[in-house]
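Trainee:
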Amino acid sequence: MVELEAVRHLTVTALVVVGAFFLAVGTIGLLRFPNVYNRMHATSKPTTLGTAAVF
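Spelled out as structure tokens, the structure:
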């Protein structure tokens, strides 16, 4: 039972870290690109993946 709980905590931690990484990449893309269309493209997919990983 202890091993299963440790695996669960590790999985949750990994998903939160991956989600935070994707959200950070989307934020960097928002700040880096020059026009609106590039910014929308840079933030749409990482934000979706990051939110899905966190929730």
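Under my numbering, the first residue of the sequence shown carries the number 168, and numbering increases by one thereafter. Note that CB positions come from ideal geometry on N, CA and C, so glycine has one too.
1. How is the alpha helix (DSSP H) around P213 delimited, first residue to last?
2. According to DSSP, is F200 helix, strand or coil?
3. Between F200 and A209, which are expected to be in contact by the criterion C-beta below 8 Å, what is the C-beta distance as a whole number of angstroms?
4. Rounded to whole angstroms, what is the Cα-Cα separation between G186 and V174?
Mentor: From the atom records:
1. Looking at the DSSP string, the run of the alpha helix (DSSP H) that includes P213 is 203 to 221.
2. coil
3. Indeed they touch by this definition, with Cβ atoms about 5 Å apart.
4. 18 Å
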